[in-house]
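Residue numbers (full-length UniProt numbering): 1 to 157. Note that beta-carbon positions come from the ideal geometry of N, C-alpha and C, so glycine has one too. What you are looking at is a predicted structure, and each value in this text was computed from that prediction instead of being measured. Notes follow the structure.
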Amino acid sequence: MRALHEQLAPEGFHFLLFEGTWDENLSAIRREAEGTDLPAGRVRADYLVAVACGVPVGRVSIRYELNAFLHHEGGHVGYAVGPEFRGRGYATEMLRQSLERLAAAGVSKALVIHNDGNSASCAVIRACGGVFEDVRRGGDGLLKHRYWIDTDPFSTR
1 MRALHEQLAP EGFHFLLFEG TWDENLSAIR REAEGTDLPA GRVRADYLVA VACGVPVGRV
61 SIRYELNAFL HHEGGHVGYA VGPEFRGRGY ATEMLRQSLE RLAAAGVSKA LVIHNDGNSA
121 SCAVIRACGG VFEDVRRGGD GLLKHRYWID TDPFSTR
């Protein structure tokens, strides 16, 4: 997990979300999944690791509600795939399964955002039905392309 974190951190995606030991990370992730004792600015969220053939290939964050920051530049779903695993369909499958979880939780439309110039993420979002809304400048100075996806087609009801 740390190796994937080190690969993705320079791209601005922190695979490990919290400082501290592995047990402290798991405890924080558990609290976020339950939506209990959340620090200010955090929402109920799942953090899932994508594994292929026993190897972690990526991580996805699924946020079940949007605060002001998430509505502007974070979205309902954030994902990253390790560089050596890109182009194999993992990101599309991670987003698809995230949309299933959001649909099951009653979220009818999901906001998914990618940074300007990330054509691979744009393709993933569009493959899952993303409808472009607009581009906004994020707090990090980067342009954020915002898409909405209807989760109903992903419902497993």
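- In the structure shown, His145 adopts extended strand secondary structure according to DSSP, grouped into three states.
- No Cβ-Cβ contact shorter than 7 Å links Val49 with Gly82.
- Contact check between the region 134 to 150 and the region 96 to 112: three or more CB pairs, one atom from each, fall below 8 Å, which counts as touching.
- DSSP, read as helix, strand or coil, puts Ala40 in coil.
- By the neighbour-count criterion, in which a residue is buried when 16 or more other Cβ atoms sit within 10 angstroms of its Cβ, Phe154 is buried.
- Residue environment for Arg63: buried (at least 16 other C-beta atoms within 10 angstroms of its C-beta).
- Among the bridge pairs identified by DSSP, Ser61 is matched with Tyr47 and Gly78.
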